[in-house]
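Colleague: Structure provided below as structure tokens; questions to follow.
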Amino acid sequence: MKNEFIIEVNHVSKQFEDGKYALDDVSLQVKKGEFVTILGPSGCGKTTLLRCIAGFQVASSGDILLKGEDVTKTPPYRRPVNTVFQKYALFPHLNVFNNVAFGLKLKKEAPDVIKKKVRRALKMANMTGYEERKVDTLSGGQQQRVAIARAIVNEPEVLLLDEPLSALDLKMRHDMQIELKELHEKLGITFIYVTHDQEEALTLSDRVVVMNEGRIKQIGTPTDIYNEPQNCFVADFIGESNILSGRMIRDKRVEFIGQQFDCIDTGFGEDVPVDVVIRPEDIYLWKVQGDNVLSDKGPDAASQADLDKEDRVPKGKFTKWYGTVQSCIFKGVHYEMRVLTPDGFEFLIQDYHEFLPGTEVGMLVKPEDIQIVKKEHYLYNYFEGEVTKNGKVRFIDAEWEVTEQQLAGFEPGERVQVRVPFRNIDLQDYEEEGTLSGEVHFILYKGNHYHLTIRTDEGHDLYVDTNDVWDDGDRVGIVIKPEDILIGKLPND
Amino acid sequence: MSKILQIASSRRTWAWPYVLFMLLFVVLPLLLVGVYAFTDIEGHFTLRNFAKFFTHSEAIQTFLYSLMIAVFNTAICLLIGYPAAYFMAAEDFKTPKVMAMLFILPMWINFLLRTVATVELFNIFGLPLGEGALLFGLCYDYLPFMIYPIYNTLQKMDTSLVEAAQDLGANRWVCFWKVIVPLSMPGVYSGIVMVFMPTVSTFAIAELLTHNNIKLFGSLIQDYITTTDLLNYGAVLSLVLLIIIGLTSFFGDNSSETEKGGMI
Amino acid sequence: MIDRYAKRNNRAERLRNNRAERLRNNRAERLRNNRAERLRNNRAERLRIKTASLKEYRLILSVLCILYSVFSFAQSNLTYTLRMAATDEVELLDNFPAVYETEKVNIRLYDGGKYEPLRYDEGRDTVDFIFAHPGEEDLTAWGDSVFCYHESDEVVWTVWRSKKEPKNRNQRVLVANGRNAFVQYLHKETGSSRSQGWIWWVFAGLLFAAGAAYACLVVLQRRKERELSSVEQETLRRKRMGKRRHYGAQLYLWLLLLVLYAPIALIAVFSFTKSKVLGNWTGFSLDLYANLFTGQADAGLNSAIWYTVVIALVAAVSSTLLGTLAAIGIYNMRARQRKVVSFLNSVPMINPDIITGISLFLLFVALGMSQGLATVCIAHVVFCTPYVVLSVLPRLSRMNPNTYEAALDLGATPAQALRMVMLPELWPGMISGFILALTLSVDDFGVTFFTKGSGGLETLSTFIYSDARKGGLTPELRPLFTIILLVMLTVLVYINIRAAKEEKK
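Residue numbers (the working numbering), protein chains in the order written: chain A, 211 to 703; chain B, 101 to 364; chain C, 148 to 652.
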């Protein structure tokens, strides 16, 4: 066995004609018989990656190997892979049998062989008895089964599934998930499955590839992805989480919300800004009797008595903190509470017990449940800019006014580095009011503020910290005060 | 191998023969109208043709008269056609769908033949063949072009909008004026363009309907362009018409064309 | 595993069936109950209303009958007058028979002043004839030529004669009066000639009748309603309110259709008579149809039909091919390119016929191409193709873009995928584009007129035009277009019925 990987994607990039990258240096190896899910929000490049593997699109750079053979530029009809499309893509002018037999007929197989194979594939997809039906008379679920049968009848080495269940309703989707999983076991071939539904990804796959903005954010087993997110994006995208800005004091010691916590992560260095991820179900809650909170010995001492009564909360030397329940929603299995600390940090907490709004509660988290994530960017937006002749600075395709003292020492035409603090970018409701206009692209709630990614119309990304509430896709005008634009020399690299 | 892929992925080249064809037989001829307008018979550059137009009172008068007739005709078609389209499209009138087809069917009879028959009809009723006949005939010929786009927009209109308006307290009348009419405006625009443009340029209909007593701009152009030594002057007149058409289609914002395509 | 699924499926299906059946049963029962009850309650009311409305119809019918008989009687006593606008004395040839005023027509001649000079078509024109003394119709034969002189030009007039009364066609009328004949030109200023005033009387009568009938109805109904209970009165009132609106709209639409179809009906009706002149009934006859099908019609008409068919087929086939290719190309273009090409595509559609015709005419003149069949075909392709593109494009965009890829994925080469997947899906669009191109081509006049050249090439449109300018229509056109109308009507009705059926499915 020379090569254990059936598919190798090596540094593949795909640049569209408008210059935007759909895929940006993506590498991925898939073992034979594996069920790999590519997960990501819409427009993250996951479908492009799948289409590159299928051959509908050709990678701009990098190469794709199938069984060790370079297929980067091989047309789709010569690849031993088959695809199940999002909207089924059944041939409307053919009946079920002819749809499934399409590939076999092209291979010029004998009619009785075709018949046998088609019947077997349809049986596999639980669609026996529908051979003569027209495809447009079938329900969504039935069409999906035919599409699957059509793909597997060709006995491909790899089955690519492009959001195959997205057009089905919830109940149907759950049934089909089970069926797909069983089909995978039965066929023993490699499945590459694209979806934006995290639950689907976690349920089905052996390995999950999380993608965003054309890049792979994390590859791992479903448990890894959930429990050990490597960045804020994954933490936020998979499941729910409390993401907070923090600071690594030293190994196994982190500070956030003004308190120090023990944790188990190492290797971040000392006194380094990090993001802290805590899953809502990992925070323990207990009720604090109103009077005790105001005790002279401090809340810690006061609530120890309450805590001792709660046998479901782990005992030990944990850092505790306190807050008031803001809202409580029954979610079936558990309750979901929003708890606000006196410092203004908001926590999302899930617990089997109900804590009514207004209740004073104590909170603690075990060190192993604190996930430390490297900060991708910190405090400042960095841009490369140019000083213009009329005393302004040009960056991200716009001219900005700056204060004179900032400009001192820079000649017009000189290339400079521009820093803008996250905090000091104003967003306007009306895009005309801004120097630039853009769209809210990504929202991260950091406990006491929102961390937004704004994509300008020219395609630049700006990070903004704000207390205002914005929605994904909101159009905003971007304003930066002259005194908030900091200019410095370009770093020499 | 990669060549095949290239051809497969660059199917946009398939439009090239058509683009070439259109450049040769649509764009070039239109440019030629301009070229002929600015040259004399020998092909030298001249502005005399334009000078002739602006001093040629018959041409100017005919032009203005044609414009007026076209405006009148468009207005009449709109006044008659809008209610018809509304009645056909509105749910509460329960008009069979065949009705819409019936309004289009006459267009399959040659319009000249229909015009001759109209003349005959006027004779039977003893009506004079003049402006009235001209307007009637034009309206008769172009009414379907007004009804159909309006009918189309009205039919495609989301009925829940009307229900929402009623829910918010609008009575039938208010609902009609504040919701249905504004929403049907795209159809009205394309109807106006589709009626106005052919009317302003018509030539055969007027000739038959008035026994050549009333001359419209189209007939004038036809007279000049078919006379060899006045061809260049004819081109000037065509250019004037072309400008009017351009202005009108700008007003109609090209939206009319899809409607016409859906007529079958 | 499959067993488990089969079992589950079975159970699900059984459950579903049961539920559906239960629902069905319930619904049916409920319906039945409701219906019975409603029937019981309403029968009395409905009966009463029905009898009332039945009587209304009878009333209207009887009034109409009476009125009609009165007016048809009155009509026979009407006299006709003919006012002449301008007269032009024409010398008759010696052998021109004497003709007299008919008894029925009272001719007053007076000098109407100036008139525009007559336009001649190829030196040959037709004249509407004639006032003949009863019993002497046969003295001039159909198609006889008489010479008359006008401004020293020698012109040959063909005599066309109506057998009954002269029909004023607001055209040139040759009036013979004793030894002299007059060519009459009627102008718009002087207005109507002999007016068939009785038609207005009939209309007025009908209107009056309808009004009277309605008034009677209302009175009758009011009287009836007084006998009904208050609840019944209310339902009746509501019903009437709803219906009145409905009828108003229907009436409007049908009236409009009546006007739209009147000229066509005229053509259709007069296709069953032999007379040369439209509007002149000389008894039922299928001769025109026979002529049309045996090729005994005018030679010009035959060749016009032939050319029309040839040009339409050539134009439709080539524009369908060109347009489908173009549509696929445009669909695959990037936004900006697509915008440019679709604008180019819309130009021939925005351009009125006359502009397309003239510009192509100028092109052919500039290129020195001799105009004829080829130029007409090119011109027709020019204005047909955009419509084909527009009817294929929606099919493309409605097509699931993945189906083509699915075919590739299953091992089809691009050519195979095109043939086996794309073409079957585009087929309906291509067909409708083809039909659209056919009808556009057949119907076209303006473009053909300017591009046909002077080689004698005529399509139906231009043939009708030159025919009409000569003052008459080749009679065989009437059956021809009657047949076209009927065929189109059948096709449309068939399409509609099929669409309705599919919708029901």
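Just so it is clear, CB atoms sit at the ideal spot from N, CA and C, and this is done for glycine as well.
(1) Just how far apart, CA to CA, sit A/N677 and A/Y655?
(2) Leaving aside the five residues before and after C/G600 along the sequence, list all residues of the same chain whose C-beta is less than 6 Å from its C-beta, in chain order.
(3) Among A/D516, A/A357, A/Q408, which residue has its Cα nearest to the Cα of A/S252?
(4) Whether or not the region 291-299 of chain B and the region 169-183 of chain B are in contact is what I'm after, with contact meaning three or more pairs of Cβ atoms, one per stretch, closer than 8 Å; do they touch?
(5) Return yes when the C-beta of B/T215 is under 7 Å from any heavy atom of the ligand MN, and no when it is not.
(6) Report the CB separation of A/L414 from A/T247 in whole angstroms; it is logged as a contact under 8 Å.
(7) I need the straight-line Cα distance from A/K283 to A/Q225, nearest angstrom please.
(8) Taking Cβ positions, are C/F508 and B/I325 nearer each other than 8 Å?
(9) Would you say the region 613-629 of chain A touches the region 576-588 of chain A, given that touching needs at least three Cβ pairs under 8 Å?
(10) I'd like the list of long-range same chain contacts for B/G237, defined as Cβ closer than 7 Å, with 5 residues on each side in sequence excluded.
(11) Beta carbons nearer than 7 Å to chain C: which residues of the region 133-167 of chain B have them?
(12) If I follow the unbroken beta strand (DSSP E) through A/E596, where does it start and stop?
(13) Taking all protein chains shown into account, decide if B/L131 is buried (16 or more other Cβ within 10 angstroms of its Cβ) or exposed.
(14) Could you please give the first and the last residue of the uninterrupted alpha helix (DSSP H) stretch that includes B/F222?
(15) Are C/Q527 and C/S608 close, meaning C-beta to C-beta below 8 Å?
(16) So for A/F620, helix, strand or coil by DSSP?
(17) Does any C-beta atom of chain A lie closer than 8 Å to the C-beta of C/P622?
(18) Beta-carbon of C/R481 versus every beta-carbon of chain A: anything under 8 Å?
(19) For the 8 Å Cβ check, are there 3 or more pairs between the region 685-698 of chain A and the region 634-654 of chain A?
(20) Is it buried or exposed, A/F540, if we count other Cβ atoms within 10 angstroms and call 16 or more buried?
(21) On the premise that A/D492 lies in contact with A/V575, defined as a C-beta separation below 8 Å, what is that separation, rounded to the nearest angstrom?
(22) Would you verify that the beta carbon of C/G504 is, or is not, closer than 8 Å to some beta carbon of chain A?
(23) When you check each C-beta in the region 564-582 of chain C against every C-beta of chain B, which residues fall closer than 8 Å?
(24) Can you list, in chain order, the stretches of the beta strand (DSSP E) that have 3 or more residues and sit fully within the region 435-479 of chain A?
(25) By DSSP, does C/L405 sit in helix, in strand, or in coil?
(26) Tell me, please, whether the CB atom of B/N252 is closer than 8 Å to any CB atom in chain C?
(27) Specify the secondary structure class of C/P499 as computed by DSSP and reduced to three states.
(28) Going by C-alpha to C-alpha distance, which of C/T560, C/I630, C/M480 sits closest to B/W116?
(29) For A/L412, decide whether its Cβ has a neighbour in chain C, counting only Cβ atoms nearer than 8 Å.
(30) Report the three-state DSSP secondary structure of A/I274 (helix, strand or coil).
(31) Using a Cβ-Cβ cut-off of less than 8 Å, list which residues of the region 392-425 of chain C approach chain B; keep chain order.
(32) By how many angstroms is the C-alpha of B/A137 removed from the C-alpha of B/T146?
(33) Counting contacts by CB-CB distance shorter than 8 Å, is C/E660 in contact with chain A?
(34) Just the Cα atoms here: how many angstroms apart are B/Y289 and B/F245?
(35) Determine the DSSP secondary structure at A/D481, reduced to helix, strand or coil.
(36) Would you call the region 589-599 of chain C in contact with the region 296-309 of chain A, where contact means no fewer than 3 C-beta pairs closer than 8 Å?
Modeller: From the atom records:
(1) For the purposes of this step, residue 677 of chain A is taken as residue 467 along the first sequence, with counting starting at 1. For the purposes of this step, residue 655 of chain A is taken as residue 445 along the first sequence, with counting starting at 1. Using only the alpha carbons, I get a separation of about 10 Å.
(2) Here residue 600 of chain C corresponds to residue number 453 of the third sequence, with the count starting at 1. The answer, listed in chain order, is Q518, G519.
(3) Here residue 252 of chain A corresponds to residue number 42 of the first sequence, with the count starting at 1. Selected option, being the one with the closest Cα: A/Q408.
(4) yes
(5) The ligand MN is not among the ligands present in this structure, which contains no ligands whatsoever.
(6) Along the first sequence, read from residue 1 onward, the residue named residue 414 of chain A stands at position 204. Along the first sequence, read from residue 1 onward, the residue named residue 247 of chain A stands at position 37. Yes, they are in contact, since the Cβ atoms of A/L414 and A/T247 sit about 6 Å apart, within 8 Å.
(7) Position 73 of the first sequence, counted from the first residue, corresponds to residue 283 of chain A. Position 15 of the first sequence, counted from the first residue, corresponds to residue 225 of chain A. The alpha-carbon atoms of A/K283 and A/Q225 are separated by roughly 15 Å.
(8) Taking the first residue of the third sequence as 1, we reach residue 508 of chain C at position 361. Taking the first residue of the second sequence as 1, we reach residue 325 of chain B at position 225. Yes, these two residues count as a Cβ contact at 8 Å.
(9) no
(10) What you label residue 237 of chain B is simply residue 137 of the second sequence in a count that begins at 1. T215, T218, I305, L309, listed in sequence order.
(11) V133, Y136
(12) The residue given as residue 596 of chain A occupies position 386 in the first sequence. 590-597 is the span of the beta strand (DSSP E), which, as asked, contains A/E596.
(13) Along the second sequence, one-based indexing puts residue 131 of chain B at 31. B/L131 comes out exposed.
(14) Taking the second sequence and counting its residues from 1, one reaches residue 222 of chain B at position 122. First-last of the alpha helix (DSSP H) with B/F222: 211-224.
(15) Mapped onto the third sequence, residue 527 of chain C falls at position 380. Mapped onto the third sequence, residue 608 of chain C falls at position 461. In the sequence on display, residue 527 of chain C carries His and not Gln. No, the pair does not count as a contact, with Cβ atoms beyond the cut-off.
(16) Within the first sequence, residue 620 of chain A is the residue found at index 410, counting from 1. Of the three classes helix, strand and coil, the one that applies to A/F620 here is coil, per DSSP.
(17) What you label residue 622 of chain C is simply residue 475 of the third sequence in a count that begins at 1. Answer no: the Cβ-Cβ gap between C/P622 and chain A never drops below 8 Å.
(18) Residue numbering aside, residue 481 of chain C sits at position 334 when the third sequence is read from its first letter. So, interface residue.
(19) yes
(20) Residue mapping note: residue 540 of chain A aligns to position 330 of the first sequence, counting from 1. A/F540 should be labelled exposed.
(21) Stepping through the first sequence from its first residue, residue 575 of chain A is reached at position 365. Stepping through the first sequence from its first residue, residue 492 of chain A is reached at position 282. Their Cβ separation, rounded to whole angstroms, is 6 Å, which keeps A/V575 and A/D492 in contact under 8 Å.
(22) Position 357 of the third sequence, counted from the start, is the residue given in the question as residue 504 of chain C. It does not: the Cβ of C/G504 has no partner Cβ on chain A nearer than 8 Å.
(23) S579, I582
(24) 452-460, 463-466, 469-472
(25) Taking the third sequence and counting its residues from 1, the one referred to as residue 405 of chain C is at position 258. Reduced to three states, the DSSP call for C/L405 is helix.
(26) If you number the second sequence from 1, residue 252 of chain B lands on position 152. Not an interface residue.
(27) Counting from 1 along the third sequence, the entry for residue 499 of chain C is found at position 352. In the structure shown, C/P499 sits in coil (DSSP, three-state: anything other than H, G, I, E or B).
(28) Locating residue 116 of chain B in the second sequence gives position 16, where the first residue counts as 1. Taking only the C-alpha atoms, the option nearest B/W116 is C/M480.
(29) As a working mapping, residue 412 of chain A is identified with position 202 in the first sequence. It does not: the Cβ of A/L412 has no partner Cβ on chain C nearer than 8 Å.
(30) By one-based count along the first sequence, residue 274 of chain A stands at place 64. In this structure, A/I274 counts as strand in the three-state DSSP scheme.
(31) R392, H393, A396, Q397, Y399, L400, L403, L404, V406, L407, Y408, A409, P410, I411, L413, I414, L425
(32) Taking the first residue of the second sequence as position 1, residue 146 of chain B is located at position 46. Taking the first residue of the second sequence as position 1, residue 137 of chain B is located at position 37. Distance between the alpha carbons of B/T146 and B/A137: 8 Å.
(33) The displayed coordinates of chain C run from 148 to 652. Any statement about residue 660 of chain C would go beyond what the structure contains.
(34) What you label residue 289 of chain B is simply residue 189 of the second sequence in a count that begins at 1. What you label residue 245 of chain B is simply residue 145 of the second sequence in a count that begins at 1. When rounded, the distance between both Cα atoms is 11 Å.
(35) In the first sequence, residue 481 of chain A corresponds to position 271, counting from 1. Three-state result, A/D481: coil.
(36) no
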